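**Student:**
In the working numbering, the protein residues as written are 462 to 582.
1. Going by DSSP, what residue range makes up the alpha helix (DSSP H) through residue 522?
2. Going by alpha carbons, who is nearest to residue 578 out of 482, 521, 496, 485?
3. Expressed to the nearest angstrom, what Euclidean distance is found between the alpha-carbon atoms of residue 573 and residue 490?
4. Can you look up residue 547 in the DSSP assignment and give me helix, strand or coil?
5. Using the Cα positions of residue 532 and residue 471, report the straight-line distance between them to the nearest angstrom.
6. Can you list, in chain order, the stretches of the alpha helix (DSSP H) that have 4 or more residues and sit fully within the region 462–508?
7. Taking only the alpha-carbon atoms, compute the straight-line gap between residue 512 and residue 502 and give it to the nearest angstrom.
8. Is residue 543 buried or exposed, if buried means 16 or more other CB atoms sit within 10 Å of its CB?
9. Can you check whether the CB of residue 462 is closer than 8 angstroms to the CB of residue 516?
10. Hey, would you say residue 528 sits closer than 8 angstroms to residue 576, going by beta carbons?
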């Protein structure tokens with residue numbers, strides 16, 4: 462896990478959050494472009510999960526493996542749950558859920574980077 466990957470995925474999550482925020486302000490439900498943007502983020506998060514697990518197996522660093530992998534798994538689970546919830550909720554708050562979830566993904570990316578670098582408490 463390096464800084465470029467964490468920042469890139471966090472930026473992608475912020476982009477999806479911004480797009481969902483625009484839909485929320487316009488009082489629009491979750492639509493196909495938002496679904497596709499979240500799917501692209503999900504693919505990136507799965508790649509981060511796989512790469513993070515491989516990096517953890519090959520490192521000699523003092524990294525809390527259980528905490529690190531649990532954060533990576535959480536990152537992968539949040540976007541699909543948010544999209545499903547957003548699709549089920551037909552009001553503007555369906556997209557609001559997606560906004561909050563994507564902001565959470567961005568924050569968790571920085572948290573995973575901190576765990577990898579050994580800055581966790």
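Idealized CB from N, CA, C, for every residue including glycine.
Treat the numbers as computed from the prediction; the structure is a model and nothing was measured.
**Tutor:** Let's see:
1. Element bounds for residue 522: n/a, residue is neither H nor E.
2. Nearest C-alpha to residue 578: 521.
3. As the crow flies, the alpha-carbon of residue 573 is around 31 angstroms from that of residue 490.
4. helix
5. 14 angstroms
6. 464–486
7. 15 angstroms
8. buried
9. yes
10. yes
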